[in-house]
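**Q** Going by my numbering, the residue at position 385 of the sequence shown is 442; the numbering climbs one at a time, nothing skipped.
A virtual CB, placed ideally from N, CA and C, is assigned to each residue, including glycine.
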Amino acid sequence: MRSHHRGRRAVVPSLLAALTLLVAGCTSGGGSDEEAAPTTSSAPAEPTAEPVEWTPSNDLIQPLVAGRPGSERGLSFDRAQVEVPITYDEPEGERLPMTVVRAVFPGQTDKIGSLVVNPGGPGASGVDAAIGLALTLPEDVLRRFDIVGFDPRGVSLSSPVECIPDETKDRLVASEPQPTSAEQLDEVFALADEVAQDCADRYESPEALGAFNTVDTARDMDLLREALGEEQLTYLGYSYGTTLGSTYAELFPDRVRAFVLDAAVDPDADAQADAEAQAAGLEASFDAFAQNCLALIAGCPVGPDPRRFTDELMLQAALGPIPSSAEGETRQATPGVVLTAITAALYDTDTWPQLSQALAAARNGDSAGLFSLADSYVGRLEDGTYSNQLDANVAINCADTDQEIDTDEVRRLAAEWDARYPLFGAGTAASLYTCTPWEAERTPLPERDAEGSAPILVVGNSGDPVTPLPGAVDMAEQLTSGVLLTWQGQGHTAYPKNQCINDAVNRYLIDLVVPLDGLTCPA
């Protein structure tokens, strides 16, 4: 039961705790309690939004970004809340508050408007993403746009869905990552059943739990557009954010100004095809990591055979969990922790050296580095509690699909994929059962061709571990106005990691100059 399509790693990890203190003081109106029997519907609705009332937040956010790359830009930060309907069947009914942050560059000239961002997940914080991206996006973009991020319904500061106990999350991370035997798979199924029951018990109705879905989040995003005073939306979405963005474009094609969908999730793939693509992508990325490590002049800490080294480490952890040297840490690393850490590091080539060092240290009996990577990936905080990242990931993913895969099919796929993808196959197959026992109203994603929208730029990366390039190709083909831009790089997402990509995306966002369909940028 693993989380996929994770968003970009949080840039400001302490932001949630700090913002929570002030969000409680903002005007929230009715509907702030997620247990309040919401219902959700796919029927179109046209509610209204009040203009955003920004509250200056430099005193809160500046200390958190001080000393980070980009902090010298002199950005100013504001926060606000936009109220959205719990159910779009009753657009003027009970509402929930959606937390929004904007970052403003001091050298703005000829401002175009707002660039709304989503980092993926589902479950990653758009508030955090806006702050992080304002530190890293090209200044040409910052001069023309405010960077605006929002926490989608059910995520972080926007009525977070919370129904998986922290102790259960620890068990999920530590659980068998390569379940192939009947007993191992039975344990996976039992844990997924337990999670589903805990969440059903936490929310009073299937409609309440089903309110956390992508279709309604896309409608929320249109209310944000209205509240910002924008006639059309300019948007940058990563990973799952491409699903959200393409859903918005399908519902509101005439309100698209410029959409960049980076690391696209394949809109044509069902759950099984999507999961297999991820297993294959992660396997290929591990091989790329291994090759990179072996090419190091200083030597590879996990050489001469990184895959064999990792297999032996997994066996070592299975025979006796590996302790950590971190002060106060009592957890010991199981094979589940090892593979979670590997998965986390494969998202970004910048973390590959950290991964090789962590694996080598664990082989010598110290798992501190592995826990650092794994905890960042699953949202585990220093005090042992978790963010609601995993809760939201499961709730939104399951609300978005009506596909259910039974235990017999999972057993068959686990055996097949274990042979085909030795590190990631069985665990990825087992994750397909997650939504089968889920007791919530479903709002399946619509077909997304966004007919009538302005050109939409779809960006793919030939070395993406979790959203492989064929997904971007399929999304660009399915969208009536889709244009494909490819980077021959490694890691999850492409913009703003490469100058060729940056030049094409910047011109599109600022001047609406669409690159040649199929343009490929070298690594």
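Taking three-plus beta-carbon pairs below 8 Å as touching, is the region 201-215 in contact with the region 240-250?
**A** no
**Q** Would you decide whether ASN270 is buried or exposed? Buried here means 16 or more other CB atoms lie within 10 Å of its CB.
**A** buried
**Q** By Cβ distance, which residues of its chain are closer than 7 Å to THR193, with the 5 residues on each side in sequence left out?
**A** GLY127, PRO553
**Q** Could you have a look at GLU151 and say whether DSSP puts it in helix, strand or coil?
**A** Coil, per DSSP.
**Q** Name the residue from GLU288, ALA419, GLU333 whose alpha carbon lies nearest to the alpha carbon of VAL313.
**A** GLU288
**Q** Can you check whether the CB of LEU470 is closer than 9 Å to the CB of SER447?
**A** With the sequence shown as reference, residue 447 is identified as Leu, and Ser is not the correct amino acid for it. Result no, Cβ atoms of LEU447 and LEU470 do not sit closer than 9 Å.
**Q** Taking all protein chains shown into account, do 16 or more other C-beta atoms lie within 10 angstroms of the C-beta of GLY189, making it buried, or fewer, making it exposed?
**A** buried
**Q** Three Cβ pairs or more, each shorter than 8 Å: is that satisfied between the region 314-324 and the region 289-301?
**A** With the cut-off at 8 Å, the region 314-324 and the region 289-301 touch.
**Q** Note down, in chain order, each residue of its chain lying with its Cβ closer than 6 Å to the Cβ of CYS578, except the 5 sequence neighbours on either side.
**A** TRP544, ASN555, CYS557, ILE558
**Q** My understanding is that PRO236 touches GLY484, with C-beta atoms under 8 Å, so please give their C-beta distance in whole angstroms.
**A** Going by Cβ atoms, the distance from PRO236 to GLY484 rounds to 7 Å, so yes, they are a contact pair.
**Q** Once the 5 residues before and after THR84 are set aside, which same chain residues still bring their CB inside 6 Å of it?
**A** The pLDDT assigned to THR84 is 31, lower than 50, so where the model puts this residue is not dependable, and the model offers no usable value.
**Q** Taking Cβ positions, are ASP404 and VAL523 nearer each other than 9 Å?
**A** First, the residue type needs correcting, since residue 404 is Tyr and not Asp in the sequence shown. Inclusion of TYR404 and VAL523 in the CB contact set at 9 Å is warranted, their separation being smaller than that value.
**Q** For LEU229, does the count of other Cβ atoms within 10 angstroms reach 16, so buried, or fall short, so exposed?
**A** buried
**Q** What does the alpha-carbon distance come out to for the pair ASP258 and GLU219?
**A** Using only the alpha carbons, I get a separation of about 11 Å.
**Q** Given a cut-off of 9 Å, decide if PHE134 and LYS168 are closer than it, judged by their beta-carbon atoms.
**A** no
**Q** For ILE453, which option in ILE204, GLY170, LEU566, ALA497 has the closest C-alpha, if you only look at C-alpha atoms?
**A** Of the listed residues, the one whose Cα sits closest to ILE453 is ALA497.
**Q** Run through DSSP, which three-state label would TYR443 get?
**A** strand
**Q** Does the distance between the C-beta of MET532 and the nearest non-hydrogen atom of the ligand NAP fall short of 8 Å?
**A** Absent from the structure shown: the ligand NAP. Ligands present: none.
**Q** Going by DSSP in three states, ASP574 sits in which element: helix, strand or coil?
**A** For ASP574, the three-state secondary structure derived from DSSP is coil.
**Q** Taking one C-beta from the region 418-427 and one from the region 532-548 each time, how about it: are there three or more such pairs within less than 8 Å?
**A** The region 418-427 vs the region 532-548: no contact.
**Q** What alpha helix (DSSP H) runs, 4 residues minimum, are completely inside the region 224-263?
**A** 239-259
**Q** Near THR406, what residues of its chain come up, given a Cβ to Cβ distance below 7 Å and the 5 sequence neighbours on each side ignored?
**A** The residues are GLN547, GLY548.
**Q** Could you have a look at GLU107 and say whether DSSP puts it in helix, strand or coil?
**A** coil
**Q** So, using beta-carbon positions, are LEU281 and PHE207 closer together than 9 Å?
**A** yes
**Q** Would you identify the three-state DSSP class for TRP409, choosing helix, strand or coil?
**A** Helix at TRP409.
**Q** If you draw a straight line from the C-alpha of ALA93 to the C-alpha of GLN138, how long is it?
**A** Any answer about ALA93 is weak, because its pLDDT of 37 lies below 50 and its placement is not dependable; what the coordinates show is given next. Their backbone Cα atoms lie some 19 Å apart in a straight line.
**Q** Within this structure, are the beta carbons of GLN460 and ALA321 separated by less than 9 Å?
**A** no
**Q** What did DSSP end up calling GLU283 once you bin it into helix, strand or coil?
**A** In this structure, DSSP gives GLU283 a helical state, which the three-state scheme calls helix.
**Q** Have a look at ALA472 and ALA487 and give me their C-alpha separation to the nearest angstrom.
**A** 10 Å
**Q** Anyone know if the C-beta pair for PRO176 and GLU103 falls short of 9 Å?
**A** no
**Q** Looking only at C-alpha atoms, which of GLU110, GLY164, LEU427 sits nearest to VAL158?
**A** GLU110
**Q** Grouping DSSP H, G and I as helix and E and B as strand, with all else coil, what is PHE207?
**A** In the structure shown, the three-state DSSP call for PHE207 is strand.
**Q** How should VAL359 be labelled, buried or exposed, when 16 other C-beta atoms within 10 angstroms of its C-beta is the threshold for buried?
**A** buried
**Q** Counting along the chain, where does the beta strand (DSSP E) carrying VAL141 start and finish?
**A** 133-142
**Q** Could you say which of SER429, ASP368, PHE366, SER215 lies nearest to GLN389 if we only look at CA atoms?
**A** Answer by Cα proximity: SER429.
**Q** Looking at the unbroken alpha helix (DSSP H) that takes in GLY393, where does it start and where does it end?
**A** Per DSSP, GLY393 belongs to the alpha helix (DSSP H) from 392-403.
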